[in-house]
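Accompanying notes for the structure given below.
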Amino acid sequence: MTEPRTKRDPEGTRRRILEAATQQFSTYGLSGARVDAIATAADTNERMLYYYFQSKEGLYVAVLEAMYAEFARHEVSLDLAGLQPAAAIRTLALSIWDYFRANPRWLNLVNNENLHEGRYLERSPKLTEAISPVIDLLRATLARGAATGDFRADVDALDFYVTLAAMGYYLVSNRFTLRAFIGRDYTEASAIEGVTEMQVKMLIAYLQPASPGASPSDFMYP
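Under full-length UniProt numbering, the letters of the sequence shown match residues 1 to 222, in that order.
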């Protein structure tokens with residue numbers, strides 16, 4: 001029953017394999033995920049899995065590529081051009097942080113790949129293609145803010161993006177250990193609202209230009 005349907009719907013089969021693999025890899029990691037379980041969940045067989053992805057590792061890389069590409073599509077779909085620069089940064093930050101909270105499987109995959117020291121991501125040229133549009137979107141927003149005088153002109157877009165993303169990533173990725181360690185549940189709406197407002201204010205404060213007459217030493221610790 002499986003093979004005739006596979007021949008009629010190759011893209012559907014590939015999509016089902018990716019979805020089943022995403023569930024396996026995000027739950028059990030690369031080493032713990034089982035190829036036979038992926039094939040069963042995808043309603044296909046192991047032969048078709050190897051036909052499309054060559055190996056378990058190849059399937060793992062494809063899952064990472066798909067997850068990063070979906071994240072990038074979500075962010076670049078934002079219409080920031082019509083917003084004031086500070087409002088655009090706030091919108092982008094909230095979008096990224098909300099995406100993390102809504103997609104814990106994505107963070108599980110990232111955490112797992114960090115255990116492998118990123119060596120599987122390094123195999124993929126598609127990852128740079130996925131993140132570049134997001135950085136370009138942020139870079140354009142920062143440039144617009146600098147042009148209006150709302151933002152400093154010396155902000156590195158990539159460093160700022162990493163900082164922005166890290167704020168949301170840490171709270172979601174470490175939500176269980178934070179609850180156990182400090183007793184605050186950052187999955188609760190009230191906790192999310194409070195920390196989000198603080199984080200946005202920190203980001204905007206960093207972007208604001210120095211007041212007239214201020215020198216670089218004014219911002220240095222002794």
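Backbone N, C-alpha and C fix where the C-beta goes; we use that ideal spot for every residue, glycine too.
Please report the distance separating the alpha-carbon of residue i from that of residue j.
i      : j      : result
THR141 : LEU80  : 8 angstroms
TYR50  : MET67  : 20 angstroms
LEU121 : ALA180 : 31 angstroms
MET1   : GLN23  : The predicted position of MET1 is uncertain, since its pLDDT is 41 and thus under 50; a value taken from the coordinates is nonetheless stated next. In a straight line, the C-alpha of MET1 is about 24 angstroms away from that of GLN23.
TYR169 : GLU193 : 15 angstroms
PHE176 : ASP185 : 8 angstroms
ILE182 : LYS201 : 23 angstroms
PRO104 : ALA191 : 18 angstroms
ALA189 : GLU46  : 43 angstroms
ILE89  : ALA153 : 15 angstroms
ARG16  : GLY82  : 38 angstroms
ASP9   : ALA87  : 44 angstroms
Going along the chain, which residues of its own chain have a beta-carbon closer than 8 angstroms to the beta-carbon of residue i, five neighbours each way excluded?
i      : result
GLU65  : SER124, LYS126, LEU127, ALA130
LEU109 : THR22, PHE25, SER26, VAL63, LEU64, MET67
Tell me which same chain residues have a C-beta within less than 7 angstroms of the C-beta of residue i, skipping the five on either side of it?
i      : result
VAL76  : PRO133, VAL134, LEU137
PRO85  : THR141, ARG144, GLY145, THR148, ASP150, PHE151
TYR99  : PHE71, HIS74
ALA20  : ILE38, ALA41, ALA42
LEU158 : ILE135
Using CA atoms only, rank isn't needed, just tell me which of the options is closest to residue i.
i      : options                      : result
THR163 : TYR120, GLY149, ILE204       : ILE204
ALA210 : LEU178, ALA165, VAL155       : VAL155
LEU171 : TYR120, LEU107, GLY82, ASN45 : LEU107
ALA33  : ARG47, LEU59, GLY12          : LEU59
THR44  : ALA62, VAL61, GLN23, THR13   : THR13
ARG174 : ALA62, ARG101, ARG90         : Per the sequence shown, residue 174 should be read as Asn rather than Arg. Nearest of ALA62, ARG101, ARG90 to ASN174, Cα basis: ARG101.
TYR28  : LEU115, GLU46, PRO10         : LEU115
ARG139 : ASP36, TYR161, VAL35         : TYR161
VAL61  : GLY118, ASP9, LEU178         : GLY118
Quick one: does residue i have its CB under 9 angstroms from some CB of chain B?
i      : result
SER124 : Among the chains in the structure shown there is no chain B, since it carries only a single protein chain.
Taking C-beta to C-beta, are residue i and residue j nearer than 9 angstroms?
i      : j      : result
ASP150 : GLN199 : no
ASN112 : PHE25  : yes
LEU78  : SER55  : no
LEU18  : GLU57  : no
HIS167 : ALA93  : Rather than His, the amino acid found at residue 167 in this sequence is Met. Taking 9 angstroms as the Cβ cut-off, MET167 and ALA93 qualify as a contacting pair.
THR196 : TRP97  : yes
Point to revise | Segments assigned alpha helix (DSSP H), at least 4 residues, entirely inside the stretch 133–215 | key: 157–173, 175–182, 189–207
Whole alpha helix (DSSP H) elements within the stretch 62–109, 4-residue minimum: 85–102
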